[in-house]
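Those protein sequences? They're chains A and B, same order as listed. Residue numbering for the first sequence is 3 to 464, as defined by our numbering. Residue numbering for the second sequence is 3 to 464, as defined by our numbering. Written below as structure tokens is the structure these notes are about.
2 protein chains.
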Amino acid sequence: MTGKKPQRSTFHKRLDHMIATLRNQIVSGNYAPGEMLPSIAELGEQYGLSKNSVRKGLELLSEEELIMKLPKVGARVLHPVPERQIKIKLGCYKNIAKEAKLDALLQAFHAKYPQVEVQSFLLPYDPYHTTVKEFMDNDWLDVMTMNYSDFKLFSTDTESEYLEELDSFPGTYKFLSKLFTYNERLLAVPWIFSPVILAYNQSHFTQSGLTEPNSSWTWEDLKAAAAKLAADHGGFGFYYHMPSSNRWPIMLLQNGFVNGAENAEAEKAKFIASIEECRDLIVNQSYSPLHFSESNADVEELFARGKASMILCTYYSLNKMQSADVDYDIAPIPRRDTPATLLLTTGLAVNARSRHKHAAKLLVDFLLSEEAQLMIRKQTLSIPSLERAAEWKGVDELHRPSRFHMYREIIPTFKLMTDLGLHHRDIIAIRRELMLFWAGMEEAEAVWERVQQLLELRNPVN
Amino acid sequence: MTGKKPQRSTFHKRLDHMIATLRNQIVSGNYAPGEMLPSIAELGEQYGLSKNSVRKGLELLSEEELIMKLPKVGARVLHPVPERQIKIKLGCYKNIAKEAKLDALLQAFHAKYPQVEVQSFLLPYDPYHTTVKEFMDNDWLDVMTMNYSDFKLFSTDTESEYLEELDSFPGTYKFLSKLFTYNERLLAVPWIFSPVILAYNQSHFTQSGLTEPNSSWTWEDLKAAAAKLAADHGGFGFYYHMPSSNRWPIMLLQNGFVNGAENAEAEKAKFIASIEECRDLIVNQSYSPLHFSESNADVEELFARGKASMILCTYYSLNKMQSADVDYDIAPIPRRDTPATLLLTTGLAVNARSRHKHAAKLLVDFLLSEEAQLMIRKQTLSIPSLERAAEWKGVDELHRPSRFHMYREIIPTFKLMTDLGLHHRDIIAIRRELMLFWAGMEEAEAVWERVQQLLELRNPVN
DNA sequence: CCTCTTTTGTACGAACAATTC
DNA sequence: AGAATTGTTCGTACAAAAGAG
Chain A
3 MTGKKPQRST FHKRLDHMIA TLRNQIVSGN YAPGEMLPSI AELGEQYGLS
53 KNSVRKGLEL LSEEELIMKL PKVGARVLHP VPERQIKIKL GCYKNIAKEA
103 KLDALLQAFH AKYPQVEVQS FLLPYDPYHT TVKEFMDNDW LDVMTMNYSD
153 FKLFSTDTES EYLEELDSFP GTYKFLSKLF TYNERLLAVP WIFSPVILAY
203 NQSHFTQSGL TEPNSSWTWE DLKAAAAKLA ADHGGFGFYY HMPSSNRWPI
253 MLLQNGFVNG AENAEAEKAK FIASIEECRD LIVNQSYSPL HFSESNADVE
303 ELFARGKASM ILCTYYSLNK MQSADVDYDI APIPRRDTPA TLLLTTGLAV
353 NARSRHKHAA KLLVDFLLSE EAQLMIRKQT LSIPSLERAA EWKGVDELHR
403 PSRFHMYREI IPTFKLMTDL GLHHRDIIAI RRELMLFWAG MEEAEAVWER
453 VQQLLELRNP VN
Chain B
3 MTGKKPQRST FHKRLDHMIA TLRNQIVSGN YAPGEMLPSI AELGEQYGLS
53 KNSVRKGLEL LSEEELIMKL PKVGARVLHP VPERQIKIKL GCYKNIAKEA
103 KLDALLQAFH AKYPQVEVQS FLLPYDPYHT TVKEFMDNDW LDVMTMNYSD
153 FKLFSTDTES EYLEELDSFP GTYKFLSKLF TYNERLLAVP WIFSPVILAY
203 NQSHFTQSGL TEPNSSWTWE DLKAAAAKLA ADHGGFGFYY HMPSSNRWPI
253 MLLQNGFVNG AENAEAEKAK FIASIEECRD LIVNQSYSPL HFSESNADVE
303 ELFARGKASM ILCTYYSLNK MQSADVDYDI APIPRRDTPA TLLLTTGLAV
353 NARSRHKHAA KLLVDFLLSE EAQLMIRKQT LSIPSLERAA EWKGVDELHR
403 PSRFHMYREI IPTFKLMTDL GLHHRDIIAI RRELMLFWAG MEEAEAVWER
453 VQQLLELRNP VN
């Protein structure tokens, strides 16, 4: 090509040809890793390009990390790197690591997709909604865990824009499938779930000669058993963390309370009966020491130490009892008329404005895959949302309560906070009033009046 | 310069000359904003440079935002921009916004330094230490609030590397100045502080004909008053959130307990006496309803509603009572032998690896400035660490308890958690055992044995 | 340590393409 | 339509550094 002037118009063709040829030769191994490419002058001769142009081409290959430019020496062919590393950030609730064996899951994910690195970290809770939005705005968050209550805060036209629409996963339990939809769009996928259940100390029951709780139990049955257990074992016969928003509202659910229902007098009666029953479960025990639980975790600790014979808890919390040497089993919570319990669901959501949406969805897909869901099923006591995985039958490597599968028989009793016509923030506001009632400082009637005032400011939700 | 070949060696001199000249002419206004610079060819002629070189020079000025290159048109002189906008991230404890009027402070900061934008957000707490380190690693955090307990977790050779050394602020209270030092290096600056204090409902005291609490009060005096107050007003005469790590350890402090002290029997006696007194303050009230406080906030709510006549709280928490119409004042907490209370200090720390360390320090400097500290003094009931600001005398725009300045008289009684020879994590571990004791499920002796075992695994701290 | 060769890196001036006005 | 200006490439020249002997 020397001597002849190259056509200006063919420049791009010539340059692209050189780049493509070199790239091919490198990836095909024609130029081995470590080898030096021909000099710029040579390449220029060969492809009819000026030195400057060849340099630009090499610069591009260097950015692709196919070669490494050594200043004043030449261009060395690099060892091929599978793909560009992507880093995504996964924001989690505090206990998820234990409840879902997150470390193991992420390790498996990374083994499968080495090009994606997942960094998990704790999300600030309380308030979840506003802080998580802030995190998404700052691109600090690609994927996050989100329970049903928190999801409801994203269920408005503007707020739902924060969350990426996701494909549904066939094979998840049907009662979970509609939870995280808004305007027909699935904005989070149910990942793990648990109803609120009763855990009981099996040794205590045996020693006291009591038959174990079953689905026929009413709260009266529980109280009777609790009295005997307390007398025999010197701890709480039954205990639960009353102020928790995942506990006391269950009594409202069991009484069929619905905010804004037609018959106001009937709702009032249900409300008052509920909050009195909540109190009486704690107060009217024959053994009733002072109790200062600050959280559900305190209750679980009490149970793990054998200081409470029965507690309200969840499948999630059973994971903490692995390390304790308490001999326990689980049962449905007692009923009033129709049985009911609260369903807690933890979903996964993707930041709609994530810069790595593809990788984020890859992670969600993996965490919902049969592989990951089976890992959760085998290595934790939480219930995966994939039916096939949850109902897996095999030899356990883990200590598991014998009635672990009990939840399958009580699915019709699963209820949601929104079945009360109340949002999470209503529940929080009502709790403040209930604290006074339970402390004996306010009459039930007066509490109902205050609650009515509080709720009037909002509309009922579905 | 035409015709004559320019010296290769003088190239940089010529290019720098052109750039410097143009920059001067632009900033001096010789080229007005909006005006077009001469063409590349003209400039090349003038400064003895090739077109390509002139282009590179203009590229540089364009990066400096002195000019704007309009493709195929020319270079337009830009309106001068004061300085490059910097964004720094401030991580806060949940209640800081209310306790320090953070919004107002940041607004004032931005007015003073418009080139720095501060974004504040909530830090995940529990565990603070590990999550905050993670945030710093990710460069999500330039400045953060940090209390004394949390600071102690950074007080090791490796951990302290996370925090930038800061200059001390002359004029801060002396008892604060050494708190945040490690190895003679100041790693956080005390910003606001509060001792734990007693708040009391003034109307209740008047109506019951009781004299108001003063520094001579013992816990016996408090109990006597509480009994009368409870009888007269039907709420708690006295209440506090016993399980809080900022409450029950005070009794240990007042009893002079020191972990690892020589006389083990004496320490045991002090420990047992302390935890029994904690319990008796709640249990042995003549009025003692069921109580379920989950946090100090619940106690403050009770007080704000007039359902508790006396509570343990802090200057910080007084900010929440602004909106309540309770008529209250404050006093030192009762004493045992020598008076003692717990000092809580919130400091500010800078991420040592922050990319905007200068701006971060600018913010810290501002938040400790007399201007900001006075704002805190005037607009909140928290105590700023700057003595001049804290002791400012002027007409209040805020409702302030008449004994606000009381803290100045009890400075010698301020103690630290570490005076017990215990770290925050020890306190948490001990609390778990105390819960059983307070619930009446464990004997004091047995608790002491367990605590001894727990503490043996650690060394005493100073 | 110095010298010579090779190669990269950078600048120049000219030519021409592309775009604006 | 055409003048002016920017933007891109080429061939050449030379400086700077690496590496061999």
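Even glycine gets a Cβ: it sits at the ideal position worked out from N, Cα and C.
Close Cβ partners of residue i (< 7 Å) along its chain, the five nearest in sequence each way excluded
i	result
S196/B	T316, Y317, Y318, L346, S384 and I385
S41/B	G76
Q87/B	Q117 and E119
P291/A	Unreliable positioning characterises P291/A in this predicted model, as indicated by a pLDDT of 49, which lies under 50. A coordinate reading is not provided.
Residue i, buried or exposed, once every other Cβ within 10 Å from all chains shown has been counted against 16
i	result
I21/B	buried
Q256/B	buried
A43/A	exposed
K103/B	buried
L459/A	exposed
T158/B	exposed
P336/B	buried
I98/B	buried
S55/B	buried
T132/A	exposed
N32/A	exposed
T208/A	exposed
S288/B	Model confidence at S288/B stands at a pLDDT of 48, short of 50, so the residue's coordinates are unreliable and nothing is read from them.
L400/A	exposed
A190/A	buried
T147/A	buried
6 Å Cβ shell around residue i - same chain, five flanking residues per side excluded
i	result
E451/A	none
I59/B	It should be noted that the sequence gives Gly, not Ile, for residue 59/B. Excluding sequence neighbours, G59/B sits near L17, M20 and I21.
N353/A	M138, L143 and D144
S247/A	I429
V260/B	G423
L45/B	V56
A361/A	I88, I90 and V118
K15/A	none
A227/A	L212
P334/B	S217 and I412
Start-to-end residues for the alpha helix (DSSP H) that takes in residue i
i	result
I274/A	A266 to V285
Y202/A	Per DSSP, Y202/A belongs to no alpha helix (DSSP H); it is in the beta strand (DSSP E), V191 to N203.
K363/A	K359 to L369
Y49/A	I42 to Y49
K135/B	Y130 to D139
F13/B	F13 to V29
M377/A	E372 to Q381
K180/A	It is not in any alpha helix (DSSP H) - K180/A carries neither H nor E in the DSSP assignment.
I98/A	I98 to A102
F153/A	Y150 to L155
Endpoints, the beta strand (DSSP E) within which residue i is located
i	result
Y330/B	Y330 to A333
M312/A	A310 to T316
Q87/B	Premise fails: Q87/B is in no beta strand (DSSP E) and is neither H nor E.
L124/B	V118 to L124
Close Cβ partners of residue i (< 8 Å) along its chain, the five nearest in sequence each way excluded
i	result
D223/A	P215 and P336
R307/B	A326 and V328
E393/B	H407 and R410
Can at least three beta-carbon pairs, one atom from the stretch 414-431 of chain A and one from the stretch 327-344 of chain A, be found at a separation below 8 Å? The stretch 327-344 of chain A and the stretch 414-431 of chain A touch, with three or more beta-carbon pairs separated by less than 8 Å.
Decide yes or no for the touch test of the stretch 54-71 of chain B against the stretch 112-121 of chain B: beta carbon pairs closer than 8 Å, at least 3 of them. No, because fewer than three Cβ pairs between the stretch 54-71 of chain B and the stretch 112-121 of chain B fall closer than 8 Å, the two stretches do not touch.
Would you call the stretch 318-332 of chain B and the stretch 262-281 of chain B touching, i.e. three or more CB-CB distances under 8 Å? Output reads no: the stretch 262-281 of chain B does not touch the stretch 318-332 of chain B.
Would you check if the stretch 369-379 of chain B and the stretch 442-456 of chain B touch, i.e. whether three or more CB-CB distances between them fall below 8 Å? The stretch 442-456 of chain B makes no contact with the stretch 369-379 of chain B: fewer than 3 CB pairs, one atom from each, lie closer than 8 Å.
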